[in-house]
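Here's the structure, in structure tokens; my notes come after.
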Amino acid sequence: MRLRPAIAIVALIALYPAIRLGTGPTTEPEAPADIAAPEPVVVEVPAPIAPLALVAPASADVADVPPEALQPPDPPIAAAVPVVEPDSGPEERILTVSRGDTLSRLLDSAGVESADAHAAVTQLSEHFRPTALRPGDEIAIRLSTDETPSLLEIEVEPEPGRTVRVERLPDGTWRAQQTIAPRSRFLVRAEGEVDGGLFPAMTRAGVPAGMALSLIRILGHQVDFQRDLKPGDGFAVLFDRFRDSDGDVLGHGQVLRATLTLSGRTLDIWRHKDRSGGTDWYDPQGRSLRRSFLRTPLDGARVSSGFGPRSHPVLGFTRMHQGIDFAAPTGTPIYAAADGTILSAKREGGYGLMVRIRHAGGVETRYAHLSRFGRSISARRRVRQGDVIGAVGSTGLSTGPHLHYEVVVAGRAVNPARHVQPATRLAGSELNAFRARQRTLDRLVAGLGAQDEVALASD
Ligand SMILES: [Zn+2]
0 MRLRPAIAIV ALIALYPAIR LGTGPTTEPE APADIAAPEP VVVEVPAPIA
50 PLALVAPASA DVADVPPEAL QPPDPPIAAA VPVVEPDSGP EERILTVSRG
100 DTLSRLLDSA GVESADAHAA VTQLSEHFRP TALRPGDEIA IRLSTDETPS
150 LLEIEVEPEP GRTVRVERLP DGTWRAQQTI APRSRFLVRA EGEVDGGLFP
200 AMTRAGVPAG MALSLIRILG HQVDFQRDLK PGDGFAVLFD RFRDSDGDVL
250 GHGQVLRATL TLSGRTLDIW RHKDRSGGTD WYDPQGRSLR RSFLRTPLDG
300 ARVSSGFGPR SHPVLGFTRM HQGIDFAAPT GTPIYAAADG TILSAKREGG
350 YGLMVRIRHA GGVETRYAHL SRFGRSISAR RRVRQGDVIG AVGSTGLSTG
400 PHLHYEVVVA GRAVNPARHV QPATRLAGSE LNAFRARQRT LDRLVAGLGA
450 QDEVALASD
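Going by the working numbering, 426 is the number at position 427 of the sequence shown; the sequence numbering is gapless.
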């Protein structure tokens with residue numbers, strides 16, 4: 000999507016301190032909630048994988064990083080940035096999507112008449128689903144400069160090189176057009192050493208900022224950055240880059256593999272798309288990184304009551320505590336502990352507002368005393384590990400804001416602190432496909448020589 004560099008830079012500066020590596024006793028700001036690892040999971044690598052050959056970081060590409068790659072996870076609040084045209088032609092504005100925005104709402108807030116907005120969006124929808132807009136995405140609109148400005152054009156860039164434009168024709172009807180720039184796909188390797196922070200080191204090595212951020216979030220579930228990451232540790236990232244026929248960078252695709260070399264161990268993760276179309280991260284042996292339940296389904300909480308018999312704080316007599324209580328401020332987001340399906344999200348007596356999720360293997364997790372449910376959390380809805388399902392509260396029989404978290408296996412409550420899901424592992428032809436892809440990538444990387452990128456078959 001279009002993104003103005005100024006906005007991206009502001010967002011990055013805001014995020015930067017949070018991702019700095021803790022190197023000394025200096026006051027380090029706390030990691031933001033979404034980057035802090037609730038529970039580091041060690042991915043063991045029994046056999047060393049052929050290390051990626053060292054290549055000079057593609058410093059020239061840092062400047063090449065296209066603005067659209069800099070999508071911050073939490074976009075600034077700025078909704079509309081007027082761009083004043085030099086002459087008195089139509090006025091162009093860039094609208095930035097905020098959390099919870101719809102295209103119609105965005106147009107409405109820019110003063111576009113609802114009949115115009117509806118007609119334009121209807122045409123636009125032929126090539127672009129407005130619901131695909133994400134916070135931080137940008138759309139450009141043109142307005143006439145009459146006394147009552149009216150909408151002339153909307154332009155979106157759903158992905159680098161693909162532009163969809165809807166414009167008002169002289170007869171008042173709307174026409175949508177899609178432009179696709181021919182592009183070639185390249186495999187890029189960015190390598191570097193950590194000194195001071197993983198994020199700046201990655202961006203210096205040519206990893207697009209948005210990509211570095213999402214990678215750090217994934218790695219954050221495996222590594223405790225504050226404790227495990229030391230100056231001198233290294234990383235290597237393989238990712239897609241798209242160029243147009245002139246060789247100009249159109250944008251970047253996905254990370255295919257990331258390797259983090261810590262002083263004590265190596266973390267090597269591979270992205271793999273399975274036959275059902277689901278994409279996930281795997282260790283080199285094909286084990287999913289999602290194999291564990293989050294033991295702490297919220298950030299920054301402390302255990303206020305463990306699993307087992309206790310004197311009930313409200314009822315006053317001793318009984319089995321079927322779960323773990325985490326004390327946290329009201330409103331703290333609560334995450335689905337693992338992939339699953341919502342069984343129910345409703346008020347349940349002493350539990351107050353409670354969400355139940357059914358997981359593979361006959362496991363159910365329960366989240367009680369919530370102040371509210373997450374957006375669109377309702378029965379039968381599928382959730383992925385880490386999705387926000389609600390917020391901490393004190394509804395039901397509760398003495399203060401906390402999350403009561405239960406894990407129920409085959410109808411019996413078990414200690415959530417001990418419950419781990421067996422590793423889901425690629426098998427059979429799926430594993431063969433994964434291995435074949437690993438070999439292909441290894442071969443390509445080995446052939447890179449001193450180059451930083453190699454052409455791939457176009458997708
Ligand atoms: Zn409890």
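Every residue, glycine too, gets a C-beta built ideally from N, C-alpha and C.
Same chain, Cβ closer than 6 Å to residue i, neighbours up to 5 away in sequence not counted
i, result
"D279", "S287"
"Q177", "H126 and V163"
"G171", "none"
"R141", "P89, E91, L151 and E152"
"R301", "A326"
"V408", "V362"
Backbone CA spacing between residue i and residue j [nearest angstrom]
i, j, result
"H401", "G191", "42 Å"
"R128", "S375", "19 Å"
"V406", "R383", "17 Å"
"G473", "G322", "Beyond the ends of the chain as shown, which are 0 and 458, falls residue 473; an answer cannot be given."
"D441", "V222", "24 Å"
"G285", "G385", "21 Å"
"G299", "G196", "22 Å"
"D107", "T130", "16 Å"
"M353", "A454", "51 Å"
"G427", "R438", "17 Å"
"G349", "V387", "22 Å"
"D273", "R424", "12 Å"
"P148", "A109", "10 Å"
"R182", "P157", "15 Å"
"R184", "D145", "44 Å"
"S143", "G205", "41 Å"
"H418", "D338", "15 Å"
"L214", "H251", "14 Å"
"P296", "D100", "27 Å"
"S377", "D451", "47 Å"
"S124", "L168", "17 Å"
"A36", "R216", "Its pLDDT being 33, under 50, A36 is placed unreliably in this model, and the value from its coordinates should be taken loosely. Rounded to whole angstroms, A36 to R216 spans 8 Å at the Cα level."
"R294", "G276", "28 Å"
"P45", "I268", "At P45, the pLDDT of 33 sits below 50, so the modelled position is not reliable; the number obtained from the coordinates is stated separately. The straight-line gap from Cα to Cα measures roughly 14 Å."
"A445", "L266", "20 Å"
"V248", "L443", "20 Å"
"N414", "R436", "39 Å"
Beta-carbon proximity check, residue i vs residue j, cutoff 8 Å
i, j, result
"L105", "V120", "no"
"Y404", "F325", "yes"
"G510", "G373", "Because the chain here runs from 0 to 458, residue 510 falls outside it and cannot be looked at."
"A175", "V236", "no"
"T364", "A336", "yes"
"I356", "L369", "no"
"T340", "R381", "yes"
"V165", "Q122", "yes"
"A118", "W173", "yes"
Nearest to residue i (by Cα), restricted to the options the options
i, options, result
"T394", "G351, E363, A409 and F433", "G351"
"V218", "R374, L259, A359 and L249", "Going by the sequence as given, residue 218 is Leu instead of Val. For the residues R374, L259, A359 and L249, the minimum Cα distance to L218 belongs to L259."
"E347", "A367, A139 and G339", "A367"
"A412", "T439, S377, H320 and T340", "H320"
"A198", "R381, P181, T398 and F224", "In the sequence under discussion, the amino acid at residue 198 is Phe, which differs from the Ala named in the question. With distances taken between Cα atoms, F198 lies closest to F224."
"E91", "E112, Q122 and L150", "L150"
"A416", "D451, F185, P207 and F306", "F306"
"D282", "E146, L212, R256 and G276", "R256"
"Y334", "V391, G246 and S304", "V391"
Residues of its chain near residue i, where Cβ-Cβ distance is below 8 Å and the 5 sequence neighbours each way are ignored
i, result
"V193", "L20, A200, L228, K229, P230, G231, D232, G233 and F234"
"I138", "M0, R1, I93, L94, V96, L102, L105, L132, I153, E154 and V155"
"G399", "A326 and S393"
"E112", "S149 and L150"
Same chain, Cβ closer than 7 Å to residue i, neighbours up to 5 away in sequence not counted
i, result
"R133", "V96"
"I179", "G160 and R161"
"Q253", "F238, D239 and R270"
"D115", "S149 and L150"
"R98", "P134"
"R379", "T340 and I341"
Test: residue i CB closer than 8 Å to a CB of chain C
i, result
"R436", "Considering every chain present, this structure includes no chain C. It has just one protein chain."
*Could you tell me whether the stretch 322 to 337 touches the stretch 429 to 449, using the rule of 3 or more Cβ pairs below 8 Å?*
Counting Cβ pairs under 8 Å, fewer than three are found: no touch.
*asked:* I want to know whether the stretch 260 to 273 touches the stretch 241 to 249 - three or more CB-CB distances under 8 Å.
replied: Here the stretch 260 to 273 does not lie against the stretch 241 to 249, with fewer than 3 beta-carbon pairs under 8 Å apart.
*Sequence-ordered residues whose beta carbon comes within less than 6 Å of a heavy atom of ligand 2*: Among the ligands modelled here, namely ligand 1, ligand 2 does not occur.
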